[in-house]
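Residue numbers (the numbering used here): 247 to 459.
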């Protein structure tokens, strides 16, 4: 019996949940009137929920380097969006890391929700059904990028391992013309607007950010 209990404890220890951070005192990523964005376009923030009405990306005016970003998101059927991190050029979405946010896997593990787009898939699928709120905690610290998705860390990446343009550390190709290790380590954060064939919306709320010293 003792051996069985030890085995069960060991198994449970491997799957311990990661509690969401206490965001008391953290900064809202977006002001209620979206005045701290580059160009709000047709994005709408109403009753605490942010949603795109067109395809334009919503960018912060401020740049962020090392930070923790905590948020909720909800998708509709065939929604397709993403969270851009530390953009080196807001006119080129491929100049930023993108954490995938959508309903489907785009037919590729590198397009799964919570993936670093075209670079690293999540370690497991943690997505809730369409219409339910999901939770991300995204941490960027130097070359290290972590994504906790609905209570489990599914991305733990060291960008310095992406040392070649157009190629991931596992040998698979990617779309990036510059090695990810050479990407900007500070820059605006963005939300991709309506995207994909369905043009279905994604909803965001409780977007809080803490700058790390």
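Cβ coordinates follow ideal geometry from the N, Cα and C atoms, glycine included.
This one's a predicted model, so the numbers in the text were calculated from it and none came from an experiment.
In the three-state DSSP reduction, residue 339 falls in the helix class (H, G or I). Assignment of residue 274 by DSSP, reduced to helix, strand and coil, places it in the strand class. For residue 452, the enclosing beta strand (DSSP E) starts and ends at 448 to 457. Judged by beta-carbon spacing, residue 334 lies within the 9 Å limit of residue 429, meaning their Cβ atoms are closer than that value. Beyond the five residues adjoining it in sequence on each side, residue 286 comes within less than 8 Å, by CB distance, of 280 and 304 in the same chain, given in chain order. One thing to note: residue 458 has its Cβ no nearer than 9 Å to the Cβ of residue 298. Residue pairing by DSSP places residue 366 opposite 362 in a beta bridge. Secondary-structure assignment with DSSP links residue 314 through a beta bridge to 385 and 456. Rounded to the nearest angstrom, the gap between the Cα atoms of residue 454 and residue 311 is 15 Å.
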